[in-house]
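A quick write-up on the structure given underneath.
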Amino acid sequence: MPEAGWDYAKQTTNQKLNQVIMVFLFYFLSAIMVISALLVVFSKSPINNVIYLIICFIAMAGHYILLNAQFLAVVHIIVYTGAIMVLFLFVIMLLNLNKAIIPQKSAVTRIMAVVTGGIFFLVLIAATRQTFVINPRYAFTSEIGLVANVGKTLFHEFLLPFEISSVLFISAMVGAVMFGKRDHAVGDD
Amino acid sequence: MVEQIPNINLAWLVPAFPLLGFLVTGLANKRLKHNQAGIIASAMVLLSFLVSLVLFFVLRASGQNEATVTLFNWISIGGMNIPFAFLIDHLSLTMMLIITGVGALIHIYSIGYMHDDGRVNSFFAQMNLFTFSMLLLVMGANYLVLFIGWEGVGLCSYLLIGFWFKNPAYNYAARKAFVMNRIGDLGFILGIIVLFFTFKTVTFSEIFSQAAGFQAGAPVITLITLLLLVGAVGKSAQIPLFTWLPDAMAGPTPVSALIHAATMVTAGIYMIARSSILYNLAPFTLNIIIVIGLATAIIAALIGLKQNDIKKVLAYSTVSQLGYMFLALGLGAYSAGVFHVTTHAFFKALLFLGAGSVIHAMGGEQDIRKMGGLRKKMPLTYFTFLAATLAISGIPPFSGFFSKDLILSKAFEHSIILYILALGGALITCFYMFRLLYLVFFGEQRLAGAHPHESPKVMTIPLIILSVLSVFGGFLNIPSLFNGDSKFITFLQTAVVSKASEELSHSTEIGLILGSLLLLGLVIFFAYRTFVSKSIIPAKDEEPMPFFSKLISNKFYIDEMYTAVFEKPFGFLSDFFYNKVENTVLDPAVDEIGVTTARVGALLRKLQQGNMSFYLFAMVAGILLFIIFILIV
Amino acid sequence: MNEITSAIQLIPLEHYIVLSVTLFSIGMMGVLFRRNIIAILMCLELMFNSANLLLAAFSAYHSDPSGQVFVFFIMIVAAAEVAVGLSIVVMMKRNVESVDINLLNRLKW
Amino acid sequence: MILLVILLIPFITGLLLLPVRNAATVKQLALASSLVNFLATLSLVFTFPVSGYSVSWINSLGVNFALGYDGISLIMLLLTSLLFPFIFMAGLKREQENTNYLYALILFTQSALIGVFLAQNAFLFYIFWELTLIPLYFILLLWGGDGRRNVTFKFFIYTLTGSLFLLFGIIYLYSLTPGVHTTDFSAFSQLNIPVNTQVWLFWVLFIAFAIKMPVFPFHTWQPSTYTMAPTQGVMILAGVMTKMGIYGALRFLFPIIPAGVLYWQNTVIILSLIGVVYASVIAFRQTNLKTLIAFSSMAHISLMVAAMFVLNYYALQGLLFQVLSHGVTIIALFYIVMLIEEKTGTLELPQMGGIKLLAPNMAILFLLVVLGSIALPLTAGFVGEFLIITGLFQQSIWFAAIGGITMVLGAIYMLYAYQRVMLGDKKVGFGNITDLKPVDYIVLIPLITIILVLGIYPQPVFNLVEASVNTMQNLLVPVADVLPALPL
Amino acid sequence: MNALIFTTILGIIILYLGLTKNKKILAPAGIAGLLVTLFLSFNDWGLGSAYFHNMVVFDNFSIAFNISMIIITIVIFLFGIDYYKMMEFHVAEQYSLMVFALVGAFLMTSFSNLIILFLGIEILSIPLYILAGGKKFSFKSNEASFKYFLLGSFATAFFLFGIALVYGASATFYLPEIKTYIAQFKGNLPPMLLIGLLFIIIGVAFKVAVAPFHFWSPDVYEGSPTLVTAFMATVVKTAGFAAFYRLLGIGLLPLPESLEKALWVMTGLSLLIGNLVALKQYNFKRLLAYSSIAHSGFIMLAMLSQHDRSASVILYYTFVYSIASVPLFIIFILVKRASNGLDHLKAFQGLYKKAPWVAVFMTILLMSMAGIPPTAGFIAKYQVFILSISQGYLGISIFAILMAVVGIYYYFNVVREVFTDRDHLEPLVITKLNAGLIIVCGIAVVVMGIFVWHLPI
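Order-wise, the sequence lines are chains Z, C, W, P and X. Anchor point for the first sequence: position 92 equals 92 in my numbering, and the numbering is continuous, going up by one each time. Anchor point for the second sequence: position 246 equals 1246 in my numbering, and the numbering is continuous, going up by one each time. Anchor point for the third sequence: position 10 equals 2010 in my numbering, and the numbering is continuous, going up by one each time. Anchor point for the fourth sequence: position 65 equals 3065 in my numbering, and the numbering is continuous, going up by one each time. Anchor point for the fifth sequence: position 329 equals 4329 in my numbering, and the numbering is continuous, going up by one each time.
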């Protein structure tokens, strides 16, 4: 209910200021995200890619904070920036990929990729533009993103997924170990 | 049938004897020694003849005109009741007597004639089978039983024409005969079916009694008669289905005598005479028969002028005579037709047997240009042959005179033009018959190294009997002109309903006879001058000839025409269907469905490029299309 | 705190949707664009995160924490996937000495 | 119960034969079982009618294991059980590879064929229908002649394609049945299907039968398949399988979609008649004896199809009679073809000739069979074709005339073939050809006897099917007045 | 639920057993554990219990599918005894990964919340990414693994975006609630929701290899170790369709018309591409891959023809299909070994001479795949057609029937190879266990075709 939000915003000056800050922050973060995301795509060096992606993710963490999802913001930073991207870096270094610049795809393919992305973007925007009024399901509260709240939901309602995701991890781990280990070749089938 | 005639049930014996003969000679093929098969076969036919005679007298004694002998129900479904039954009446008795009588003589003759042949037993088996079929044909009490015999004789004719099966040309002739007959048979069977649906029965007596309810010229009757006529044309070798008969001379000579002169080819005449009541109702068909008959008579006679094979001459003369019989039928004088059948059976069988005797004597030579002077060497054969020639030429008082004159006078009654044409044909007949006689028996012997000799008794005795019949056969029916009472015609009158016609006055008749006799005499004289006095021997085949002669000696190119119009296109059509339609359209079309499917498969397979970026693109494209799809739909 | 956070409602939801879609499209474009497997994996992460952002935004607008929990799970799964993916890359690199995606074309047709 | 016995005897014998290694034992056992089966089937004739046998099978799909028969089935059953002993005898004194498998497969085919003719449930019918194909496919594939790999495959796929359409039809009919759905024929025949539906449903159902019989443009699998098939396989194919198509059409089309039949009647008749002429004309120039007979068989079958669609009393009687007669004749023909191939080592007509000089008895028997095939009176073929042409005539004189052309054309190509094989002078290299062996007489004499006896005294066959024919011909009458409403 | 928990534990146990370096006990242990799972599943039959705030629902539907998958897994494990004999390393890992994948499959059959579906798919997929690369030194295996991984992740991204969009609209992840939410629009859905649903459907469709999202499957089937291919072709497919049916049949149907049409398009494309391309396949595994795409089309047909029997038909279909596929893979491996690693269809040539009974059973199995009576495969297709025709989808049914003909063509193409002579015959080594498997499955295929069962699920 954005209109309601705007009406609400008109009431106090303090909130008007907040609004300006919010909007500024939103656009600022968004711009960083989009630009860094584009750089991830277009910059050739893998290391640079990783760095731009980290920038992008940090900006995204900012968005999470804007969205009252403090817990997510923290987890996001930890998981992505702290773990995943480091993993990427490790692999890049391990495999010495930074030196071996891989030739880009042919121009036609690249143009096609851009065009396809563009069309996809336009179609999705077109489809979601004429969207409908979303009725919030619950009364507005800013507390939902708090650790306590999220934790309660996680360990109450989402206990099963939480538990079961351990299976996911263990299989991923088994896989990583299996692939990572060096052993000698064996016969086919 | 009012009451059962005692002993008439013996009728089944008539076909049974030849059948028995067929089975014995056929199955015991290997065990029978030289003449045994011939003797058995002849005996069987002779027995049939005797039984027929007995039947003749039995029927006579009973005072009734006809009797039906039912053996069993052949087909009996729904409204269709077709018993396997025999009809014994004057017409069938006449035919039975001819078939068994002449047949017996020819069988006996064959004992001598086929003496040296290795497969004599098969020969007699087939001859007996023929006799059996022919008897079924004439005795059948309904069209379907008639049809059994009809096809049966066709089969035997096929077998016997191709008796010397090593020769491909003979086989071809045999097949040609069978196929042409089959074409006729198709018309015949269709005619029977139309009959069945018109009258709900195929039994003669029932049909004829119902036929009274139809107007003359009723379309359905015309249709029926036309279809039956097709059958008759095929079997009796009329235009346009006559070319098989001359070729049929490939068979042994007794076969030609029995099947292709005396009996089988007259089946068509028998059938039309049998259906006389129907034909009387169809004037249109009768006119067609006249045209066919007359045309056949003249064209065949013309062709006969230039034939050099002794049997071919006789064959064309047979065709020609059959044309006369057709003419008689067309004129509504069915009895006259049957009478000519009878006399023709005598003299034509005699001619063929005589020719056989000659061929036998000449060691298989059939070309009359190489014969000559046989009169001295084979006097008996000569005299019998002469008798037959006089008979066929219509010289009184030989049998041919009476029957042919009857037909000519009927033609005269109908129209003067018919008469003139028919008489013309008769004169030609006379000419080529005497040409044959002169060339074979007069002059000098032309074939070096041949030692002609008279045939053995077993062959000559039938010749003598037949020549007696040929000479005196005509007295069966002495017309009122000669103070006779037309016994034969009267006898048949109970079974065959001829069209009523005004009798010619005796003076006119005498005038006609005298005129024709005069012309015949001239022709004979002319023939004598040409072939005996001047000893002109017909040219060799290669020598150039004037157009008309060439046309005639090439049989009007009718065979060639058939080859060009039917055989070649048929072969072409067959090839076309097989090579072009079947193998380039239909079959590939089916395969093409499969191939196209596979081709599309191969095309789709190309999508699976193995390239990751392509897969990714494809997925995105798919998703995009589906988004657009669901947004639009 | 409450004031700041409640101001979230000042930014229309559409903006978040558009942002997410943009990110998603960029990520997708990247996947199509790059040949380097590592880079492609990064672009995939971008796509996942755009979904995360969208979920978080919806979660906030609905004031429903389950959306955020879902994001949490997505992160878990993403981490696991990256681990597996990178280990596959490492294994492949050992075999073919390259991380070029265009080399993956032996299985086809 | 006896129906179940008839159905199972071949199947069980087949199973028992599988481990038997001794070829002679296998052949004797198979022959014995087929004779027993024939006697059992014959007993049906005298105890007609026997109540059917029915147990429910797949309830959820409305499928019952229902066996039963009427006059039409009975004719087909008789034909099947009559021909199989001869099919087995054809291999009696001959060397064959893996005899036990071959004979087991033949017995399985027989069982499935009997199943087709006994089934009273469309699903069951379909199962058996397909089951006939599987063993036969392997018979052709493993024991066939040159080029069998592709030819059999085409045959297999082609016929299966048709069958799948039939399956579609069955399911469609099933979905139309009221209440608890079922696939019983009895339920199908009580359906009141809208005429417009019947019009398209006709082809869905008919295509399977059209391919099996085969009707004109769907025949292209046939000549090549016949040509390369082993003798016993082609005997099954030509002798019984084609009749299966006819039986199926009678069972499915006329009782269930009579209006559809009426609508397409003339189309199918014309197609069949085209087939008659087409096949006959093609047969004339064939140089391979087997291919020639294949085309001849197609011509005869086409005539029977035409008769079927005329569907009047005489045509039906003729059709059913011809089913028997054609089955017996074609088997005898193929047996002789096998003999000729054995003796001369070829089937190419130009390489043959003069065999009559060396094997006169074979020539005579061949001629007799040929005569049966070209419908000479006093052979069974004549009675059948006469009635068929009579029936065709009732529809139109042109149909009768074209149908009758088989008689002429048949005479042309069959006699031509006979002459080229048997007559003429003997060819070099044919020196050691011998005449028939006793076993050949055992096969051929009874077959020829049947041909002749049926030709001379056909009445028992007529009486047997009388009732069914009457039922059948009345099927179309009630719907005849519905049709003028359609744009014909 | 107990089965789920026990299976998880079983995976870990197998992992630990791997430390003993005794490969022989792995498969028996796994099979024993799976039998226990089977028993536990049977115990839950008819209870229809939901757990964890209705996150998962173990109703008869899911239990039936679970049982079917457990049975297939047991068969595959039995096959594994011979298959893994040559492999020295990571055997325990592979067994346990399969068990873990099975856990994911269980989740997919029983989800009621999209997060479980998501996790289920991931838990199923990640072990498979790894298993596909099981032959570490085979480039093909690497490639298969990576292709599967990358395309799978890519599809997951869309799937997640779809979930996000749907969540945005309905503010819930619970399937029943989403259904209620959608129902209020009466078929006139806003575009965003439509796209969300479409993305979710595409995510699942990708897993079951429905065209045009099938591109991974032929390559992955070919490159993966054969045992894994068998697992993918059977258990994964079954799980995928169970999830699909739960999503659509139980959850969302009737869908808005546009989405349903999109699904029909996918069905048609699957039938077309799967069958037609299979015509041109000479590698047996690829052939089966394409044919499995085609089978997906048939199952989609059953699914979209809404009927209270659809679930049962899908279960029957997938089970019958699986039980016929596994022995085919076994035979393929045996033949491939005998002909020095040739995986062209020609490898089958002369099989009927080498081992006639194998040829016979292979024929029966292929007949079942092709849908020819009296095998179960026929009944399965028959039931599918009954559904689609009785629901009035005549056009697509005819099309499917035509495609079934094509299917018969390529399956019998293999049969034809089996019964074709070969110049030199290599000996075919078959262990008793494998022989037993082939025979049992072959007989099962026929028996199931005669004694047709039908579960009220």
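C-beta atoms are modelled at their ideal positions from N, C-alpha and C, and glycine is treated no differently.
- Nearest CB-CB separation between N4060/X and chain P: not below the 9 Å threshold.
- A straight line joining the alpha-carbon of L3176/P with that of T3182/P spans about 9 Å.
- Between F4199/X and G4162/X, the beta carbon gap of about 3 Å places them in contact (Cβ cut-off 8 Å).
- Nearest to L4150/X by C-alpha distance, out of G2067/W, A2083/W, V2069/W, is A2083/W.
- Contacts with chain W at 9 Å (Cβ-Cβ) do not include L1625/C.
- At a C-beta separation below 8 Å, L3371/P has these neighbours in chain C: L1155.
- Per DSSP, the continuous alpha helix (DSSP H) segment holding P1018/C begins and ends at 1013-1027.
- Under the Cβ criterion of 9 Å, L1129/C is not counted among the residues facing chain X.
- T3025/P is classed as exposed because its beta carbon has fewer than 16 other beta carbons within 10 Å across all chains shown.
- Residue pairing by DSSP places S3056/P opposite N3064/P in a beta bridge.
- With respect to the 9 Å criterion, G1484/C and F1346/C are not classified as neighbours on the basis of their beta carbons.
- If you look at V2089/W, you'll find it isn't in any beta strand (DSSP E); it sits in the alpha helix (DSSP H) that goes 2065-2096.
- The stretch 1027-1040 of chain C and the stretch 3342-3354 of chain P do not touch, with fewer than three beta-carbon pairs separated by less than 8 Å.
- Residue contact check for L4365/X against chain P: no CB pair falls below 9 Å.
- A Cβ of chain C is located within less than 9 Å of the beta carbon of M2028/W.
- Here DSSP, grouped into helix, strand and coil, assigns A4050/X to strand.
- Taking C-beta separations shorter than 8 Å and ignoring five residues to either side along the sequence, the partners of N3312/P in its chain run G3391, Q3394, Q3395, Q3473, following chain order.
- Contact with chain Z is found for L2046/W, since one of that chain's Cβ atoms lies less than 9 Å from the residue's Cβ.
- The stretch 4161-4179 of chain X makes no contact with the stretch 4133-4145 of chain X: fewer than 3 CB pairs, one atom from each, lie closer than 8 Å.
- Beta-bridge analysis with DSSP links S1076/C to N1081/C.
- Contact between the stretch 1334-1345 of chain C and the stretch 1220-1240 of chain C is absent, with fewer than three C-beta pairs closer than 8 Å.
- Residue pairing for Y1113/C: DSSP places it in no beta bridge.
- Contact check between the stretch 4300-4320 of chain X and the stretch 4379-4390 of chain X: three or more CB pairs, one atom from each, fall below 8 Å, which counts as touching.
- Proximity of I4401/X to chain P, defined by a Cβ-Cβ separation below 9 Å, is satisfied.
- For A3187/P, the closest C-alpha among the options L3237/P, R3251/P, L3164/P, V3151/P is that of R3251/P.
- For E143/Z and V150/Z, the gap between their C-alpha atoms comes out near 9 Å.
- When secondary structure is reduced to three states using DSSP, T1225/C falls in the helix class.
- For A4171/X, the nearest beta carbon of chain W is closer than 9 Å to its own beta carbon.
- Only R1605, K1606, Q1608, Q1609, G1610, N1611, M1612, S1613, L1616, F1617, V1620 from the stretch 1603-1625 of chain C bring a Cβ to less than 8 Å from some Cβ of chain W.
- Listed by position along chain C, the residues whose Cβ is nearer than 7 Å to that of L3423/P are G1162, F1165, N1171.
- Per the coordinates, the alpha-carbon of S4291/X lies some 27 Å from the alpha-carbon of I4457/X.
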